[in-house]
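Participant: Read left to right, the sequence shown gives residues 380 to 608 (our numbering).
Just dropping this structure here.
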Amino acid sequence: MSETLIACSHGTAHPQGRDAIVRLVQALRREAHHREVVSAHVDVQEPCIDDVVRATSGRRVILPLFLSSGYHVNVDIVRASGLDSMVTAAPALGPDWVLAEIGVRRLIEAGAGPDDTIVLASAGSADQRALKDVSKAARLLSAVWGGRVHVGSIGAGDTPIGEAVDIARAYGHRVVVSTYLLAPGNFNDRLQECGADIITAPILDGGKPDPRLVNLVLARSRSLASEFV
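Take a look at the structure:
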C-alpha cells in the first residue's frame, strides 16, 4: 500500500519563510521516491492540516516541520492524526544531533569563533516539553561547538532573548546568537533587535535545504513504519 507524507509546518505570511518551506518540501519530494509528499499548515496558511487529512486516503504520516514538541505538535497535529486510523504523526524534528551540526555550520558561516559567547535563541513556548527540548538542543549544540551555550527565548517561556544577550555580554566577549528557528519569519525578524553582535541564519537560510535536514525529516517517517504493520 502506498504511503503519503504530510509535511506540516506552522504557516507564515513572511515571503522568505514561505519560500524556504516550499524548497524543503520540494527536496522531500525528490528524496521520497515512490511516496507522495503534500504540504499542510497549522496556522496562517492553507491548506490546514485537518483538511489535508480529510482530503487524502490510505497510509499517511504527518511530518511536523517543527524543531520542538510544543502546542502545535502535541495538540494540533495529534488531533489531526486522530481523524483517521490510517494516519500517524511523527515526532518533532528536534532536538537532534543533525540540527546541532547545522547550527554549528551557521555559526561558522556567520564568523563565530572560539572566544565568542554563544546564545541559542528559540521561538519560545509555554509548553514545558518544548522548553525541555530547547534545553537539550542547547546541550547538543554545545557538544558539537565545543563551548558553553546559553539559552534565550524570542517569545514566551524561557529567559527573554534580550536579557539572555545582556547576561552573555557580562563574559566580556562578543555575543553570537545561534538562531534555533526552522525558517525566516516573524520570530527571526524580531530576533534582529536582540542586541547581539552576530546573529546566524535559521536552519533554512533561504538557499538549498541542507541534505542532512531532508534526511532527518524522512527518517522520522521511517521510524513509524512498524505502526502500519
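All C-beta atoms, glycine included, are put in the ideal place defined by N, C-alpha and C.
Values in this document were obtained by computation on a predicted structure and should not be read as measured data.
Can we say the region 559-576 touches the region 498-517, given the rule of at least three CB pairs closer than 8 angstroms?
Facilitator: Taking 8 angstroms as the limit for Cβ pairs, the verdict is that the region 498-517 does touch the region 559-576.
Participant: Taking the straight line between their C-alpha atoms, what separation do you get for residue 405 and residue 418?
Facilitator: The residue given as residue 405 occupies position 26 in the sequence shown. The residue given as residue 418 occupies position 39 in the sequence shown. Approximately 10 angstroms between the Cα atoms of the pair.
Participant: Closest to residue 397 by C-alpha separation, out of 542, 597, 584, 600, would be which residue?
Facilitator: Locating residue 397 in the sequence shown gives position 18, where the first residue counts as 1. Among 542, 597, 584, 600, the Cα nearest to that of residue 397 is on 584.
Participant: Give, in chain order, every unbroken run of the beta strand (DSSP E) that is at least 3 residues long and sits entirely within the region 432-510.
Facilitator: Listed in chain order, the complete beta strand (DSSP E) runs (minimum 3 residues) inside the region 432-510 are 438-443, 466-468, 496-501.
Participant: Measure the Cβ-Cβ separation of residue 414 and residue 384 and say whether it is below 7 angstroms.
Facilitator: Walking along the sequence shown from the start, residue 414 turns up at place 35. Walking along the sequence shown from the start, residue 384 turns up at place 5. In contact: residue 414 and residue 384 (Cβ atoms closer than 7 angstroms).
Participant: How many Å lie between residue 463 and residue 431 at the Cα?
Facilitator: In the sequence shown, residue 463 corresponds to position 84, counting from 1. In the sequence shown, residue 431 corresponds to position 52, counting from 1. Whole-angstrom Cα-Cα distance: 12 angstroms.
Participant: Looking at the strands, I want to know which residues DSSP matches up with residue 539.
Facilitator: Taking the sequence shown and counting its residues from 1, one reaches residue 539 at position 160. Its beta-bridge partners are 532.
Participant: Do residue 471 and residue 456 count as a contact pair if the criterion is CB distance below 7 angstroms?
Facilitator: As a working mapping, residue 456 is identified with position 77 in the sequence shown. As a working mapping, residue 471 is identified with position 92 in the sequence shown. Contact: no.
Participant: Which residues in the same chain as residue 608 place their Cβ atom closer than 6 angstroms to its Cβ, once the five residues preceding and following it in sequence are excluded?
Facilitator: For this step, residue 608 is matched to residue 229 along the sequence shown. Since pLDDT at residue 608 reaches only 47, below the 50 mark, its modelled position is unreliable, and no value is offered.
Participant: Which residue comes first and which comes last in the alpha helix (DSSP H) that contains residue 600?
Facilitator: Here residue 600 refers to the residue found at position 221 when the sequence shown is read from its first residue. Element bounds for residue 600: 590-601.
Participant: Would you say residue 529 and residue 516 are within 7 angstroms of each other, going by their C-beta atoms?
Facilitator: In the sequence shown, residue 529 corresponds to position 150, counting from 1. In the sequence shown, residue 516 corresponds to position 137, counting from 1. Cβ atoms of residue 529 and residue 516: not closer than 7 angstroms.
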